[in-house]
Structure formats: C-alpha cells, structure tokens
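For the protein sequence lines, the chains are P and W, in the order given. Each residue of the first sequence is one higher than the last, beginning at 61 in my numbering. Each residue of the second sequence is one higher than the last, beginning at 678 in my numbering. To start, the structure under review is shown below, and the notes come after it.
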Amino acid sequence: MNNVIIIDSTLRDGSHAIAHQFTAKNISDYAKGAEGAGIPILVVGHGNGLGASSLQLGMSLLSDTKMLKVAKKELKKTKLGAFLIPGFGTIKNDLDPAIAAGCEAMMVASHCTEANIMRQHIEYCAKRGLLTYGILMMSHMISARELLTQAKLIQEYGARGVLLMDSAGAYLPEDVSQKIATLVSGLSVDVGFHAHNNLGMAIANSVAAVKAGAKILDCTSRGLGAGAGNCQLEVIVAVLLKMGYKLDLDFFKLMDNSEKIISKIGQGQVIGSTSLTSGLAGVFSGFAPHIKKASRKFGVDARDILIELKKRKVVAGQEDIIIDVAMNLRNKKKAKKEDYSIEALL
Amino acid sequence: MQKIKIKVGIIGTGNIGCDLLVKVQRSKVLECGIFAGQNPNSEGIKMARSMGVNTSYKSINSIVDNPEICDIVFDATSAQAHLIHAPILKKLNKFTIDMTPSRVGKMCVPILNLEECLNSQNVNMVTCGGQDTVPVIWAIMKIHPQTKYVEIVSSIASKSAGIATRENIDEYTQTTSEGIKAFTKVPNAKAIIILNPSEPPIVMHNTIYAKVDKPNIAKLSGELKRIVAKIRQYVPGFRIIAGPVFENNRLTVINEVRGLGDFLPVWAGNLDIINCAAVRVAEEYARRKLL
C-alpha cells in the first residue's frame, strides 16, 4: 500500500536539463530501472510535453511517439504517462498517437489561471479510460482561494487528481502547506505537488505538501529537470520512509537508477546564478538555457533579462519573449545601478 | 437620401460577435439586421440593444424564421456549433463568414485570396493567429521557397479569450497550423498558442520562426515592409517589433497587434486582426451586390 503516489517525471522534466536530447538507449535503460523499482507512473517525452518539440523551446532528438514506444517496451506494471499543454499539442497530431503508443496516464497542464483550456483534453482522456491528472503551472502566482476555483474545474472535467506545479521553484514551505491544505479540503480528488529546486526548497516543499495532505508527489531521479532541477526522487523517498510513510518502492533500486543510469545522462543540478535569480523572481525554471543563450547573443546580463521577464509576468511557453526582452535591453542605454538591486526580484 | 446598405446577421454574442457588431455599424456598406445569441440577458445582447440593434436569443433560428433579415451571416459561435449551422446557412443561401476554427468553408486571408473567397458561399477566417502570421510566412516563403518548417507562437491576453475560444483551443491550434500550410505551401508548420493573464493585459504578440540556413535579411525586410503596409490598410495596429533577425539557427520575426479598442481595449489586437479581415470580406461582397 502506498501512502503517497510517486509520479516519476525524470524522462519528461529531465529532458529540459539535456536540451531535450534523450536517446532511445537513455529511455529504455531508465524505463527498465523505473519498472524494476516499482514506480507506478513514468512520464516520458519533451520537457513541455506532447507537441512541444519546437524552435520555440528546443527540438527533441526523437519524436514523441518514438520516445513513448521505446519506454512502453520496458514497462509492465509501471504505467506509461505523457504530458500535454493545450495550445502546444492537439488531439489529432499528438494525443491520439500517444494513446496508440500505449499511454495509460495523461498529465494535462495549463497556466494556473487558465484551467478551462484543459476541458477538451481532460475529458477526451478521461473518457478513454486514461488515468488523467490536471496540473496548474506557475501556481505561486495566485492565491490558495484562486487555485481552488481552478482546481474545481479540473475535478469537474473528470481528472483523478490536481497537481500544483512550482514551475519557478519560488515557494517556501509555508506557502505550499497553505495552498495544498486549501485544495485538499475543497476537492474530493487527490492533490499533488511538483517542486523545483531553485531556492533549494524542493525536498522541504514536497514534505510540506505531504504533511498538508498531498497524496501525489511528482519527482525526478537525481533531480534531473528544468533550471535547478526538481524534487530528487530517491531523496524524497528516503525522507518519507524515515517519516514513517509506506511506499511500495525498491529504495536501493531507485538509488541505482540515479547512480548508474541518470548520472551518465545529465550532470548534477547545481543551483547556478540564473536559476537562483529565476527562483527569486518567480520566473519559469525552463527559461534558464534560453536566457543564457540570449544573454550571450545580445550581450546583456542574464539577471537583467530575468528582472524584465518578472515585470512582464510571462508564463510557461513564452520563451520568445526572452529574445524580445534581450534585444530591447541591448538597444537601451546601459542599465542604471539600481536596476541590479535585489529589491527588483523580491 | 439614405444610402442603401447590405444587412448582416451576427450569431454569437461573445467577444468576437460584439467587436464585429461595432465594426459593422461603422461600415459605409454594412448594417446589422440581427444580432443573435442564446441568452436574452447576455452582456452582448444588452450592448446591442443599447445601440438600437435588432436582437434575438434564438441564435440561428432567428435567421431561419426570417431569412430576409440579412444577406451575410457572421458565425461567431464555436467550431462545433458551426458544423450544425453550415448546412442550414447553405440551404438559405446566405454568404457565410465563419469566425470559428471549424474549417468547413474556404479559408480566407484577404490580402492573399479575397477574390476566390467571394465566389464561395462559406468562407472561414482561419484563426486570429493565422490571420496575423500567414502573410509574414508568405513573405518568408517568397524569398526562401525552400523553407521546410515554420512555427508561430501567438500570445494573447487571457481576458480576450472567451469561453468558446478556450473550449476550442484544440481546433484553434490545429487550424492555425493547417491554415499556414495551405496558404504558404510550407511542408511543415507548428502553431503554439499562449494565454497570458497578466494585468494590465498584454498586447497580442506573435513570433514567427523559420528554419532557414542563410536568410537574406535585406531582401526579406523589403518584402515584409510591403506586406505589412497591405495589412495595415485594414489593421492599422499591426507592426513588426523585432527582426527579421537570424539567431539561434532560426529566422525570427516578432510582431504585435494593437486593436482599435472597439469592444475590448486596444490590447485585444487578436479581435481586430480577424474581425477587420472578416469585415473586409463582407464589405467587398456588399459593394459588389450594391453595384
């Protein structure tokens, strides 16, 4: 019996950390490991999900369908999952092929204020018997009460659970406790949390979520993920076991997956200055590599780009604004001293 | 002497329908015969009534019951509803301008194929993202016809996307990419749609990327200038704000559209880019009828 369901997004969010270049061998090796460790759901694909391989976000090495098929071959008990943001993938081009490739779970996501753009896709998947979850991204941007209103829509569309995503790694544990508790008391479906580690709080925030009643944690092996990475799967499992939770997972196998498979795919997730600034500013974690590139190309400080992105309140998927902002900053006169201040980020 | 105008019917009283109504009432050749929705107390119906426009809550049946009420019909409902409306309007022989991403009728981007569309009974206005980006991609394809892949990212203010747009986001995304392929002959196209809720609302912002190895920036800039001038004849708030620039191994052009502020404020350029195009089609149809 699992007290907490661990969703493994290593082969989805982890894709951000390696510019979406998972090879077939990477995928089959890790899928085998996840199956061996007893992972209930393994989510596979481009970092931004089905149909997101693009010039805007970066092209995947392999097509979505290819990635899903490779993973599916290794999975028996572990359910194969995919991720979809409406506005990127479509039913015809992306969802139907993913279902045909053997997807049994679907994570449908939108910006935290826009849950009603998920209706078509959640209903479509739920009707076809997929284990369907709805995800509110960048959830630090609105209040607990507003999140509950959005989460209720997801529940009404037929999702089995609602996950709050800390896409910017901006939360402190108190925020997580309050928001998760509000959802838990207001919903009849399960509540979950997906952390990022920009402020070094991924484990603490995931613990806070579980203590507040979350039944699902979305994590990645070795923390492999966008920006400063995610909640490190094998670590949170160790912590939960120590806290007395029951998890049907092979803990030693999880450590082996991290040590023997993921360490060869991506580097350890150090919290670099771009990711740290991004966490403080509450800007989407996945922007980091794009910000670094634009910073080099247009000769402007990555942190200034982040301050401007915070002002513009950009949401996930708006990587094109980075170019816009960087070009504008280049054309402006040298920024004033006060523009660099920490106050601009808080 | 009062000038004769051609009567239009507008079905759907959301953002698109209301903005169309304001534009139609300003036209020299069009006037609204019926503004029809489903809810007698919707904000749209109230606005139309205050403008002195004939309204109905019987949606398309207001035209079925009284076909003489209009010659042109704008369908601003939803893709699903248009599938039901299209055969009815065909039977009534109404020149139909479909504002939804249903893809029933002939896809129309006025600066590229207005003439052909005037001979069709049902014209589809693709999507706002399509109206904005198709001409830019057409210009890119003219200079670099070997281009195999283009992509557009259209960001609009959450407030400008009504419930039908949201519940049709799948059709919207699919129709935008199919419209791009059909008009520009690029073999592969992707459309990405983003809703941004920030306050004050964002101005419609579109980025066009093309996979071009060695773009001729000078030639492209010239071609874009010409095409932008044409678009600005009916959407004055359209402008290129960055590019064309070659960065990160892709050709990038960024534009934004400010609207006229007819129904929603100027940030809702996405209403204007599609509605100005649709009104242009209707006006051209009307002018020929009035000859």
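The beta carbon of each residue, even a glycine, is placed where N, CA and C say it ideally should be. Please read these numbers as outputs of a predicted model, since none were measured by experiment.
Please report how far the alpha carbon of residue i lies from the alpha carbon of residue j, in whole angstroms.
i: Cys805(W); j: Asn153(P); result: 21 Å
i: Leu208(P); j: Pro877(W); result: 23 Å
i: Asn654(W); j: Ala165(P); result: Residue 654(W) is absent from the structure shown; chain W starts at 678 and stops at 968.
i: Asp89(P); j: Met119(P); result: 22 Å
i: Ala175(P); j: Val343(P); result: 20 Å
i: Glu961(W); j: Ile774(W); result: 12 Å
i: Leu707(W); j: Gly109(P); result: 46 Å
i: Ile78(P); j: Lys85(P); result: 14 Å
i: Asn932(W); j: Asp939(W); result: 21 Å
i: Val104(P); j: Lys858(W); result: 29 Å
i: Ile322(P); j: Ser281(P); result: 7 Å
i: Asn801(W); j: Gly946(W); result: 19 Å
i: Ser854(W); j: Val168(P); result: 21 Å
i: Thr337(P); j: Arg372(P); result: 16 Å
i: Ile65(P); j: Ala268(P); result: 15 Å
i: Leu769(W); j: Ile693(W); result: 23 Å
i: Ile950(W); j: Cys185(P); result: 33 Å
i: Lys735(W); j: Gln180(P); result: 26 Å
i: Met198(P); j: His254(P); result: 10 Å
i: Asp752(W); j: Lys819(W); result: 33 Å
i: Ser727(W); j: Pro717(W); result: 13 Å
i: Asn317(P); j: Ala841(W); result: 45 Å
i: Ala838(W); j: Asp68(P); result: 34 Å
i: Asn925(W); j: Lys353(P); result: 8 Å
i: Leu144(P); j: Asp847(W); result: 12 Å
i: Ile159(P); j: Thr929(W); result: 34 Å
i: Val701(W); j: Val803(W); result: 20 Å
Measure the beta-carbon distance from residue i to residue j and round it to whole angstroms, keeping in mind my assumption that it falls under 8 Å.
i: Met261(P); j: Tyr305(P); result: Contact flag wrong, Cβ pair sits at about 20 Å.
i: Asn265(P); j: Cys279(P); result: So it is not a contact: roughly 11 Å between Cβ atoms.
i: Lys825(W); j: Asn865(W); result: 6 Å
i: Ile737(W); j: Ile711(W); result: Rounded, the Cβ-Cβ distance is 10 Å, inconsistent with contact.
i: Ile325(P); j: Ile296(P); result: Going by Cβ atoms, the distance from Ile325(P) to Ile296(P) rounds to 20 Å, so no, they are not a contact pair.
i: Ile908(W); j: Pro812(W); result: 6 Å
What residues from chain P crowd round residue i, counting only those whose CB sits closer than 9 Å?
i: Leu872(W); result: Gly147, Ser170, His171, Thr173, Glu174, Ile177 and Val375
i: Ser739(W); result: Under the 9 Å cutoff, chain P gives no residues; its nearest Cβ is about 28 Å from Ser739(W).
Starting from residue i, find everything on chain P with Cβ-Cβ shorter than 8 Å and list it in chain order.
i: Arg843(W); result: Glu174, Asn176, Ile177 and Arg179
i: Ser835(W); result: Thr173 and Glu174
i: Ile761(W); result: Per Cβ cutoff of 8 Å: no residues; Ile761(W) is ~18 Å from chain P at best.
i: Val956(W); result: What Val956(W) touches in chain P: nothing, since even the nearest Cβ is about 27 Å away.
i: Ile917(W); result: Neighbours of Ile917(W) on chain P: none; closest Cβ ~12 Å, over 8 Å.
i: Ile931(W); result: Asp380, Ile383 and Asp384
i: Ser755(W); result: Neighbours of Ser755(W) on chain P: none; closest Cβ ~11 Å, over 8 Å.
Quick check on the DSSP output: the alpha helix (DSSP H) that includes residue i runs from which residue to which?
i: Tyr826(W); result: Counting along the chain, Tyr826(W) falls outside any alpha helix (DSSP H), though it belongs to the beta strand (DSSP E) covering Tyr826 to Ala834.
i: Tyr90(P); result: Ala84 to Ala97
i: Lys7(P); result: Residue 7(P) lies beyond the range of chain P shown here (61 to 406); nothing can be said about it.
i: Cys695(W); result: Asn692 to Arg703
i: Asn770(W); result: Neither: Asn770(W) is in no alpha helix (DSSP H) and is coded neither H nor E.
i: Phe312(P); result: Phe311 to Asp316
By the criterion of Cβ-Cβ separation under 9 Å, what are the contact partners of residue i in chain W?
i: Lys357(P); result: Glu924 and Asn925
i: Ser114(P); result: Glu828, Val830, Lys867, Ile869 and Tyr886
i: Met261(P); result: Here the premise fails: no neighbours, minimum Cβ distance about 25 Å.
In its own chain, which residues sit with a C-beta less than 6 Å from the C-beta of residue i, not counting the 5 before and 5 after it?
i: Met678(W); result: In this predicted model, Met678(W) has a pLDDT of only 47, less than 50, meaning its place in the structure is not dependable enough to derive any value.
i: Ala112(P); result: His106 and Phe148
i: Ala816(W); result: Glu900, Leu901 and Ile904
i: Ser237(P); result: Ala268 and Ala272
i: Gly162(P); result: Lys132 and Leu140
i: Val889(W); result: His821, Thr824 and Leu928
Leaving out the 5 sequence neighbours to the left and right, which residues in its chain are closer than 7 Å to residue i when beta-carbon positions are compared?
i: Leu135(P); result: Ala91, Glu95 and Leu102
i: Met178(P); result: Pro146, Val168, Ser170, Gly194, Ile214 and Tyr217
i: Leu967(W); result: Ile681, Ile683 and Val706
i: Ile331(P); result: Asn257, Asn258, Gly260 and Ala288
Please list the partners that residue i has in chain W, where partner means a Cβ-to-Cβ separation under 7 Å.
i: Thr150(P); result: Asp847, Thr850 and Gln851
i: Ser353(P); result: The sequence given here places Lys at residue 353(P); Ser does not occur at that position. What Lys353(P) touches in chain W: Asn925.
If the cut is a Cβ gap below 8 Å, which residues of chain W does residue i touch?
i: Leu284(P); result: None at all; the shortest Cβ gap to chain W is about 23 Å.
i: Asn290(P); result: Per Cβ cutoff of 8 Å: no residues; Asn290(P) is ~23 Å from chain W at best.
Between which residues of its own chain and residue i is the CB-CB distance below 8 Å, once the five residues before and five after are set aside?
i: His80(P); result: His106, Gly107, Ser113, Leu117, Gly118, Met119, Ser120 and Leu121
i: Ser898(W); result: Pro921
i: Ser345(P); result: His76, Ser227, Ala228, Gly229, His256, Asn258, Gly285, Ala286, Gly287, Ala288, Ser335, Ser338 and Gly339
i: Ile151(P); result: Gln180, His181 and Tyr184
From what residue to what residue does the beta strand (DSSP E) around residue i run?
i: His171(P); result: Ala165 to His171
i: Lys684(W); result: Ile683 to Ile688
i: Leu191(P); result: Leu191 to Met197
i: Val750(W); result: Ile749 to Asp752
For a contact meaning CB atoms closer than 7 Å, what does residue i contact in chain A?
i: Met387(P); result: Absent from the structure: chain A. Protein chains present are P and W.
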